[in-house]
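The opening residue of the sequence shown carries number 529 in the numbering used here; numbering runs sequentially from there. Glycine is no exception: its CB is placed at the ideal position from the N, C-alpha and C atoms. First comes the structure, then the notes that go with it.
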Amino acid sequence: MFSNIPRSRFDFKKPSFTVQEKDDKPKSRRKPAATPAPTAKADTAAAKPARKPIAKKSAEPAEEPKRRTAAPAKIQKEHSEDDKASKIAAALFGDESAASQVPAPTVNPEGAVAPQGDQTNPNPPTSEQREQRGQRGPGQGQHPHQHRHQPKKEPVFNVEFDGAIASEGVLEMMPDGYGFLRSSDYNYLSSPDDVYVSPSQIKLFGLKTGDTVQGTVRPPKEGEKYFALTKVDFVNGKKPDEIRDRIPFDYLTPLFPYEKLNLYTTANNYSTRIMDLFTPIGKGQRGLLVAQPKVGKTMLLKEVANAIAANHPECYLMVVLVDERPEEVTDVERSVKAEVIASTFDEPAEKHVKVSTMALQKAKRLVECGHDVVILLDSITRLARAHNTVAPSSGKVLSGGVEANAMQKPKQFFGAARKIENGGSLTIIATALVDTGSKMDEVIFEEFKGTGNMELVLDRRLANKRIFPAIDLTGSSTRRDDLLLDKEVLQRMNILRLFLNDMNTDEAMNELLKRMRGTKDNEEFLASMNR
């Protein structure tokens, strides 16, 4: 189809320059070929190859032979050093024949190392040899260039404390179902030493607020704040399986106290000797110690606590100090062998209520498990004041500014004392303040006056005359003391009361102390009444 087109349209004259083929030899040694004289159009095209960039290309290959001639000597030197190193390594490993059979690498004229065929070891080491080499220490059979100067890595210890940390505390349940084990060092208030208890553990073991739990804990994980309980070993001193079906405290059968607590310690301790005769205390007693300020009620409580701790180690003794002076708290902690739970007067009323509530709940859980617990409370008047402050306003105010519902919680505390049929007992001896000049204190005392089954009255006039113990003998008594005293002792006590009833308070105490000073114990004192 293109035959009709004039051929002159497609005839283009070639430029007069020629393209040289690339040769490995340097261009500077080649002679330039003769070219025909270019035309006018070809002169412009032929002038371009004569520029400086083309001259640079012709100058670069002149330096290449020098590099290529020097490279083989350097490579041979490096391989000779590797040959020596391989021979040394073979000699150290005990394979001298292999060292002699290692061929020297060959170098091409171009400077490249020629391949030696199969580069694998013809005699590879066995697994036993590898194990033996792996057991060798640094510098023993290792290649001289293999990790000789590397620093030693410190061992990584992955220490887990699961099962290694034991903890004990009193459980306080939260409204959401979980709980915390509170420490006695912080009076069972929230602290950094609390241990988290999951809701599943609480449901599994049937735990309640006030349970004393012993178990193992784990450290807090990332994002956690408290230690967590992992295993429950004991609950209230018993196995978890034994307390799962326990009867709640409110459904236990209360009885009159019939097991007497012996308060005798020494012959010179007349306070406890007089209480043993006139106001005996039994397991489950609900006693009220009525006292005016500065008559020695705290000293009397300490003597009673030490007597119970010495004569009845099976009883768990707790001293609860509410709204007390800080120095009194320290003195009681150092002089009484019991658990002291205190809240000083400079702390808010909410803390007084919290401390007393935790102490009561702990005592109830111990009684449910069959233990005998004794609580010495100082004082129930200040506890009632704290509840009156915390209680919401109901609009009904009694005389003295007492809320109508404020006395409910203090009565629950004092009324929890009881002797359980075929079980434990909870004994509470609380002090009540009178003649303080406060109308509220009188109302509080009247609320608790008839609730106890033992009442010990201290007289301010005896304390002013420095007669201790300042006990009003005629006003102090115990309900159903016939269950605590023997018949012979009860008969002699009736005679003694009739004899002292005709005297006033200070004369009766002086006469009683005069008779007791010459005897070693109460039995000898009662026997001396016949003389």
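| Asked | Found |
| --- | --- |
| Cβ-Cβ separation, Met701 to Ile730 (assumed contact under 8 angstroms), whole Å | 7 angstroms |
| Beta carbon of Ala833 nearer than 7 angstroms to that of Leu904 | yes |
| Exposure label - Glu750; buried when at least 16 CB within 10 Å | exposed |
| Own chain residues within Cβ distance below 6 angstroms of Arg1007, not counting five before or after | Asn981 |
| Spatial distance of Leu986 from Thr955 (CA atoms) | 20 angstroms |
| Spatial neighbours of Asn1029 in its chain, beta-carbon cut-off 7 angstroms, leaving aside the 5 residues before and after | Thr1002 |
| Bridge partner(s) assigned by DSSP for Arg710 | Val698 |
| C-alpha gap between Gly952 and Cys897, whole angstroms | 7 angstroms |
| Residue from Ser726, Thr885 and Val902 with nearest C-alpha to His840 | Val902 |
| For Asp784, the three-state DSSP class (helix, strand or coil) | The question names Asp, but residue 784 is Phe in the sequence shown. Of the three classes helix, strand and coil, the one that applies to Phe784 here is coil, per DSSP. |
| Spatial neighbours of Asp552 in its chain, beta-carbon cut-off 6 angstroms, leaving aside the 5 residues before and after | Model confidence at Asp552 stands at a pLDDT of 48, short of 50, so the residue's coordinates are unreliable; what they give is reported in the following sentence. Nothing meets the Cβ criterion. |
| C-alpha gap between Val725 and Ser719, whole angstroms | 15 angstroms |
| Same chain, Cβ closer than 8 angstroms to Ser1056, neighbours up to 5 away in sequence not counted | Arg1043, Gly1046 and Thr1047 |
| Completely contained alpha helix (DSSP H) runs for the stretch 932 to 995, where each covers 4 or more residues | 936 to 943, 967 to 976 and 988 to 992 |
| Distance between Gly824 and Ala756 (C-alpha atoms, nearest Å) | 45 angstroms |
| Cβ pair count under 8 angstroms reaching 3, the stretch 1017 to 1031 against the stretch 770 to 790 | no |
| Three-state secondary structure (DSSP) of Asn1050 | helix |
| Buried versus exposed, by CB contacts within 10 Å (16 or more), Arg801 | buried |
| Neighbour-count burial assignment, Gly810, 16 or more Cβ in a 10 Å radius | buried |
| Contact belief for Val857 with Thr872 at Cβ below 8 angstroms, rounded distance in angstroms | 6 angstroms |
| DSSP three-state assignment for Met1031, whether helix, strand or coil | coil |
| Own chain partners of Tyr792 with C-beta closer than 8 angstroms, once the 5 adjacent residues on each side are dropped | Thr800, Arg801, Asp804, Ala835, Asn839, Asp1049 and Asn1050 |
| DSSP-derived helix/strand/coil call for Thr740 | strand |
| Backbone CA spacing between Gln820 and Asp773 [nearest angstrom] | 45 angstroms |
| Helix, strand or coil at Phe873 according to DSSP, with G and I counted as helix | coil |
| Start-to-end residues for the beta strand (DSSP E) that takes in Met846 | Cys843 to Glu852 |
| Cβ neighbour criterion (16 or more within 10 Å) applied to Thr654 | exposed |
| Supposed close pair Leu911, Val971 - CB separation, criterion 8 angstroms | So it is not a contact: roughly 14 angstroms between Cβ atoms. |
| Distance, Asp1034 Cα to Leu523 Cα | Outside the displayed span of the chain (529 to 1059) sits residue 523, for which this structure offers no information. |
| Range covered by the beta strand (DSSP E) that runs through Leu757 | Phe755 to Val763 |
| Counted within 10 angstroms of its Cβ, other Cβ atoms place Asn950 as buried (16 or more) or exposed | exposed |
| DSSP bridge partner residues for Glu810 (one or two, in chain order) | The displayed chain sequence assigns Gly, not Glu, to residue 810. Gly810 pairs with Lys788. |
| Bounding residues of the alpha helix (DSSP H) (the contiguous stretch that carries Leu904) | From DSSP, Leu904 is part of no alpha helix (DSSP H) but of the beta strand (DSSP E) over Asp900 to Asp906. |
| Distance between Lys890 and Phe685 (C-alpha atoms, nearest Å) | Reliability fails at Phe685, whose pLDDT of 44 lies under 50, so the model's placement of it is uncertain and no value is given. |
| Meets three-Cβ-pair contact criterion under 8 angstroms: the stretch 907 to 922 and the stretch 872 to 885 | yes |
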